[in-house]
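Numbering (our numbering), first residue to last: 4 to 287. Ideal Cβ positions, reconstructed from N, Cα and C, are used throughout, including at glycine.
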């Protein structure tokens, strides 16, 4: 997380549960209502995710006076999913479209409130983003990428402003928790390890060896041969919830059985062999 984002998120983190839910509903209610008449049931619902394959210039969403086209949603999908040739599942597509709609509602609400980014905030964020890039892959972002980053930063700034002065009593928090316990369930999580190799030939050789090895054997190979930073921890990457790993990696890992190594996955960093160490079921 960059320092600029941290500035907007840290102070409001403790209030983001009940407070943000209430504040966002109030702040964007008018924008939601403009998607249908005052008596229309559709005005209380998000649009359905676009089906395949509508025209790129088809309007799929109107927020206030702004219109968004299929091409806008496709561009957002590409930024999230990358160049993965596989089509996302209907469930994933629906979730991503919900996020797309939420973002546009929040941006419109921020504009109505006269909230914007200063040039200093933009430049600090862009500078930090450049510092975090791999020097070998460093490049100047496109105008669309810069606009997307600025939109995300503005959403974070607006969300912070919404909650910074909200006070929610401990009694209200407890009552909300009791009534919505299921909302606080942690989703299924994955404990993941990897071995990262420089060449495909190395990866093929290592995969042939680790397929028959125990967890201790996999970790021994990871410690000796992986060129990733996790080598110092015997390949352990950590525990991840859905959406925390890049889409291409999550798709591979989630399909594995516990203790199973993946097939070789190529990325800009090299050739990966992932291992699903453990599935952790939903829990409070």
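To the nearest angstrom, how far is the alpha carbon of residue 202 from that of residue 249?
21 Å
Does the region 153-163 come into contact with the region 229-244, if we say contact requires no fewer than three beta-carbon pairs (one atom in each stretch) closer than 8 Å?
The region 153-163 vs the region 229-244: no contact.
For the beta strand (DSSP E) containing residue 307, list its first residue and its last residue.
Here the chain covers residues 4 to 287 and nothing more, so residue 307 does not appear.
Within a Cβ cutoff of 8 Å, which residues of the same chain sit near residue 230, ignoring the five residues on either side of it in sequence?
199, 200, 201 and 273
Does DSSP classify residue 173 as helix, strand or coil?
helix
Determine the direct distance from the alpha carbon of residue 252 to that of residue 92, and round the result to whole angstroms.
15 Å
Helix, strand or coil for residue 241? Go by DSSP, reduced to three states.
strand
Endpoints, alpha helix (DSSP H) assigned at residue 197
Run containing residue 197: none in the alpha helix (DSSP H); it sits in the beta strand (DSSP E), 192-200.
Looking only at its own chain, which residues have a Cβ that is under 8 Å from the Cβ of residue 120, when we skip the five neighbours before and after it?
153, 156, 157 and 160
Does the distance from the C-beta atom of residue 281 to that of residue 261 stay below 8 Å?
yes
Measure the beta-carbon distance from residue 76 to residue 100 and round it to whole angstroms, keeping in mind my assumption that it falls under 8 Å.
7 Å
Residue 188 vs residue 264 beta-carbon contact at 8 Å:
When the beta-carbon positions are compared, residue 188 and residue 264 stay at least 8 Å from each other.
Taking the C-alpha atoms as reference points, what is the distance between residue 278 and residue 214?
10 Å
I need the DSSP call for residue 249, collapsed to helix, strand or coil.
The answer is coil: DSSP assigns residue 249 none of H, G, I, E or B.
Residue 296: first and last residue of the uninterrupted beta strand (DSSP E) it sits in:
Residue 296 lies beyond the range of the chain shown here (4 to 287); nothing can be said about it.
In the DSSP output, what is residue 70 paired with across the bridge?
65
When you compare only the Cα positions, how much space is there between residue 165 and residue 96?
28 Å
Name the one or two DSSP bridge partners that residue 189 has.
In the DSSP assignment, the residues bridged to residue 189 are 286.
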